[in-house]
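First the structure, in the form of structure tokens, and then the observations on it.
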Amino acid sequence: MSKVVTRFPPSPTGFLHIGGARTALFNWLFARGRGGEFVLRIEDTDQARSTPEMTQAIVDGMTWLGLNWDHGPYLQSDRTELYNQYIERLIASGHAYYCDCTPEAVDAMRETAKAAGKKPKYDGSCRNRNLGPGPGRVVRFRAPEGLCAWADMVKGPMEMDFEEMVDDFVIRRGNGSPMYNLAVVVDDAEMGVTHIIRGEDHLSNTPKQIALYLALGLPVPAFGHLPMIFGPDRKKLSKRHGAMSVMEYEAMGFLPEAVVNYLLRLGWGHGDQELFTRQEMIELFSEKGLGTSPAMFDMAKLEAVSAHYIKEADPARLAGLLPRFLAELGVADPDPARLAAAVPLYQPRAKTLREMAEGMAFFFAPDQALEHDAEALAKFVTPESAPLLEAAARLVEEAPVFEPEPLEESFKTWLDGQGLKFKAVAQPVRVALSGRTFSPGLFEMMLVLGRESTVRRLRRAAALAGA
Ligand code: GLU
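The sequence shown lines up with residues 3 to 469 when you count with this note's numbering.
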């Protein structure tokens, strides 16, 4: 078998969204698992709707997801010459012809067909007129007859009549620009693409493309059409559900490997396995695991996958990613040592980097300016707790070894001596150190803050409590 070549050909009319990213991933995996090559091609023939910013955004999204390409990014707008060569070939071989029907005339033909209960179609008026080139004239493909069949990698054997599916569609516009179906076939053939996995919204293009391959005498690649992705309400994926740029997931604090693993499971499965390393995905991915029913986007599931990857991640890497999220919360230049110490406290539970940053921001507040939650302050930092907070400050100040276990021991001994339960000091100390009623363990928190900050925060709260 020849070398496997797959491609991802987005139109740069929008960001790289979840559906596009899934298509890119599946094609990338298919190539990578077979020693093949992966092509990135930007389909910008619709110049009015394509922008360089969107092309860059697609490249950024692919890079963030780690979906590297072996060839490209090619721009279709650079390849008009090549498309014209193929169009000329089709005209010369009688598979295409010039047409001067006005858009209004074509609309009228469609209406007539509809009124007769037929599929709206161009009626072939110019087929045998032998027109030459002329201003505003389009080039149409001469639709074939007979059976169009292919073995879809997802849907299985497909059979339809060319006549049903393909009319004499335009392959070059009146302004000279090539149309999508022509450009895509020329590119896929020129780039040696062997397998095309794409959304089933392209299903109606496939017979047109097969017809073009046949007319050009080119080998037809394998096609696979993926079911769409729905939101949890079973409606088309909307912005609210995640039809937004993958880079917004980065901004929400997801790690790229979590997004990739989640995308993989949107329509592909291997038994009931949920988590896959990149190597495993590459080895296991094949068309056999592709589902035929629509996939459902589920934020809670993405968060669960994300929590797993945050827990597993190298703490130093997370420490490198967190400053951006802390900055959004007003924490500029977090102390690196304190950040490194805080990260492991949040790894076991956090769903996103943003959530980690929200949890740990208090560590980086100046001791004298830490904001306390008003309710927590009123409830736990009271005149009764003032002496306890002061005693706690002294214990920390005088502890011979500043480490969680000995600290906890010395607190216990002191509380036992006072006939008090740990509960009596836990919340006041927690509020004093973190400003809130939920936080990591008290003594772990003290370790991150260091002895001096811990003492300062306890004394400040004692003063507030006594006031
Ligand atoms: N440019 C097309 C799109 O963005 C892709 C077409 C294809 O996969 O053949 O939907």
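Even for Gly, the Cβ is constructed at its ideal location relative to N, Cα and C.
Is residue i buried or exposed, if buried means 16 or more other CB atoms sit within 10 Å of its CB?
i: VAL248; result: buried
i: LYS120; result: exposed
i: ARG131; result: exposed
i: PRO336; result: buried
i: ALA213; result: buried
i: VAL261; result: buried
i: ARG133; result: The amino acid occupying residue 133 in the given sequence is Leu; Arg does not appear at that position. Exposed, since its Cβ has fewer than 16 Cβ neighbours within 10 Å.
i: VAL383; result: buried
i: PHE440; result: exposed
i: GLU259; result: buried
i: ALA465; result: exposed
i: VAL403; result: exposed
i: GLU252; result: buried
i: GLY226; result: buried
i: ALA110; result: exposed
i: ASP189; result: buried
i: ALA321; result: buried
i: ALA344; result: buried
i: ALA302; result: exposed
i: ALA118; result: exposed
Less than 6 Å between C-beta atoms, sequence neighbours within five positions excluded: which residues of the same chain meet that for residue i?
i: LEU442; result: Reading off the sequence shown, one finds Pro at residue 442, where the question assumed Leu. Hits under 6 Å: LEU347.
i: ARG459; result: ASP369, ALA434 and LEU435
i: PHE10; result: ALA26, ASN29 and LEU42
i: VAL172; result: VAL140, ARG142 and MET181
i: PHE287; result: LEU31 and GLY35
i: GLY271; result: GLY291
i: GLY194; result: VAL7
i: MET358; result: TYR348 and ALA352
i: GLU399; result: VAL457
i: ARG91; result: none
i: GLY293; result: GLY269
i: GLY22; result: PRO12
i: PRO221; result: none
i: ILE44; result: PRO14, THR57, PRO75 and LEU77
Please look up how many angstroms separate the CB atoms of residue i and residue j, rounded, as I've assumed it's under 8 Å.
i: HIS204; j: ALA224; result: Not really, about 14 Å apart at Cβ, beyond 8 Å.
i: ARG432; j: LEU444; result: 6 Å
i: TYR215; j: ASP169; result: In fact, because the Cβ distance is near 18 Å, the residues do not count as touching under 8 Å.
i: PHE327; j: LEU355; result: 5 Å
i: ASP62; j: SER13; result: In fact, because the Cβ distance is near 16 Å, the residues do not count as touching under 8 Å.
i: MET64; j: LEU31; result: So it is not a contact: roughly 13 Å between Cβ atoms.
i: ARG144; j: TYR99; result: 6 Å
i: GLU39; j: HIS73; result: 7 Å
i: ASP46; j: GLN78; result: 6 Å
i: PHE299; j: ILE199; result: With 8 Å as the limit, PHE299 and ILE199 do not qualify as a contact, their Cβ atoms being about 19 Å apart.
i: GLY201; j: LEU228; result: 5 Å
i: VAL450; j: ARG340; result: 6 Å
i: ARG438; j: ALA378; result: 6 Å
i: VAL333; j: ALA376; result: The Cβ separation is near 21 Å, so there is no contact.
i: PRO350; j: LYS313; result: 6 Å
i: GLU446; j: PRO406; result: 6 Å
Return the chain-ordered list of same chain residues with a C-beta closer than 7 Å to the C-beta of residue i, the five sequence neighbours on each side being excluded.
i: SER387; result: PRO430 and ALA467
i: PRO209; result: CYS150, MET162, PHE164, MET167 and VAL168
i: ASN207; result: ASN183
i: GLU360; result: LEU331
i: GLU83; result: none
i: LYS5; result: GLY38 and GLU39
i: VAL1; result: Nothing in the structure corresponds to residue 1, since the chain is present only between 3 and 469.
i: ARG267; result: GLU276
Quick one: residues in its chain with C-beta nearer than 8 Å to the C-beta of residue i, no 5 flanking neighbours on either side, listed in chain order?
i: LEU277; result: ASN263, VAL307 and HIS310
i: PHE424; result: PHE413, LYS414 and LEU417
i: ILE89; result: ALA98, VAL141, ILE173, ARG174, PRO180 and LEU184
i: MET246; result: PHE17, HIS19 and ILE20
i: ALA153; result: PRO159, MET160 and ALA224
i: ILE93; result: TYR99, TYR100 and VAL141
i: PRO408; result: ALA401 and PRO402
For chain C, is any of its Cβ atoms less than 9 Å away from the one on residue i?
i: GLY38; result: Any reference to chain C falls outside this structure, which holds one protein chain only.
Q. Can you list every residue whose CB sits closer than 6 Å to some heavy atom of the ligand GLU, going in chain order?
A. PRO11, PRO12, SER13, GLU45, VAL186, ARG200 and HIS204
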